[in-house]
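Just so we're aligned, residue 299 is where the sequence shown starts under my numbering, counting upward by one. Take a look at the structure below.
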Amino acid sequence: MWVWWMLREMVTEPVLRKALAEYPISDRNPSAVQTLLEAATAKDLQWFFDDWVYRDRGLPDFRIVNVHPRETLRGTYIVTVTVENLGRAGAEVPIRIRLKNGEATGRLVVKGKSQASVRIEAAQYPLEVIVNDGSVLEFEADNNAFIVPEKPLTP
Numbered sequence: 299m300w301v302w303w304m305l306r307e308m309v310t311e312p313v314l315r316k317a318l319a320e321y322p323i324s325d326r327n328p329s330a331v332q333t334l335l336e337a338a339t340a341k342d343l344q345w346f347f348d349d350w351v352y353r354d355r356g357l358p359d360f361r362i363v364n365v366h367p368r369e370t371l372r373g374t375y376i377v378t379v380t381v382e383n384l385g386r387a388g389a390e391v392p393i394r395i396r397l398k399n400g401e402a403t404g405r406l407v408v409k410g411k412s413q414a415s416v417r418i419e420a421a422q423y424p425l426e427v428i429v430n431d432g433s434v435l436e437f438e439a440d441n442n443a444f445i446v447p448e449k450p451l452t453p
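Below, the structure is given as structure tokens:
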């Protein structure tokens with residue numbers, strides 16, 4: 299069931315529904331759903347199907363390695379978030395940046411035993427960054443938050 303939820307988040311529900319409606323019941327090709335979804339989204343989903351459908355690579359385990367906020371000329375921030383996946387299965391995970399007044403969000407594909415980074419625009423200096431809101435099954439969720447050090451004072 300988790301696989302369907304993760305696919306829905308990655309390709310959107312309308313695309314997933316359309317692909318399933320087009321899926322021929324008599325098709326014996328095990329990669330038919332993958333092919334339909336890749337055609338509809340122009341995304342390479344081979345890594346996802348390898349990790350979650352065709353093979354059992356266990357669960358991912360995400361942790362935030364680094365957060366680097368940089369102020370833009372407009373007074374907003376570009377926040378670079380680096381996430382490490384200690385597990386062998388990859389996944390596309392949501393990233394949430396908590397701000398004083400609101401939040402900013404993004405998504406990031408982090409393959410197994412690797413790191414990946416994403417840049418997310420935020421209206422204010424970030425307070426905390428959280429990887430995975432629980433929509434991706436993972437080994438340990440206790441290490442998913444990163445408290446951003448206070449903004450250094452400028453002279």
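Don't be surprised by glycine CBs; every beta carbon is placed ideally from N, CA and C. All of these numbers come straight from a predicted model, not from anything done at the bench.
Nearest-angstrom beta carbon gap, residue j and residue i [assumed within contact, 8 Å]
i: T345; j: K409; result: Looking at the sequence shown, residue 345 is not Thr but Trp. Rounded, the Cβ-Cβ distance is 6 Å, consistent with contact.
i: A387; j: G356; result: 6 Å
i: V365; j: V446; result: 5 Å
i: S484; j: E307; result: There is simply no residue 484 to check, as the chain begins at 299 and stops at 453 in what is shown.
Cβ neighbours of residue i in the same chain (closer than 6 Å, five flanking residues each side left out)
i: V377; result: P367, I395, I418, A420 and P424
i: F347; result: Q332
i: D359; result: L384, G385, E436, F437 and E438
i: V382; result: Checking the sequence, you will find Glu at residue 382 rather than Val. Counting only Cβ-Cβ distances below 6 Å, and skipping sequence neighbours, we find R361, V363 and Q413.
Residue i in three-state terms, based on DSSP
i: R368; result: strand
i: L334; result: helix
i: Q422; result: coil
i: A317; result: helix
i: L305; result: helix
i: V446; result: coil
i: V351; result: helix
Status (buried if at least 16 other CB within 10 Å, exposed otherwise) for residue i
i: V391; result: buried
i: Y321; result: exposed
i: N430; result: buried
i: L371; result: exposed
i: Y352; result: exposed
i: V301; result: exposed
i: L305; result: buried
i: I323; result: exposed
Own chain partners of residue i with C-beta closer than 7 Å, once the 5 adjacent residues on each side are dropped
i: N441; result: R361
i: L397; result: A420, A421, Q422, P424 and L425
i: A317; result: V331, L334, L335 and A338
i: V416; result: V379, I393, G404 and L406
i: W303; result: S433
i: L343; result: Q332, L335 and E336
Neighbourhood of residue i by C-beta distance below 8 Å, restricted to the same chain and skipping five residues each side
i: T403; result: P392, I393, R394, I395 and I418
Quick check for students: name the residue ranges of the alpha helix (DSSP H) that lie wholly in the stretch 359-416, counting only runs of 4 or more. DSSP runs (the alpha helix (DSSP H)) wholly in the stretch 359-416: none.
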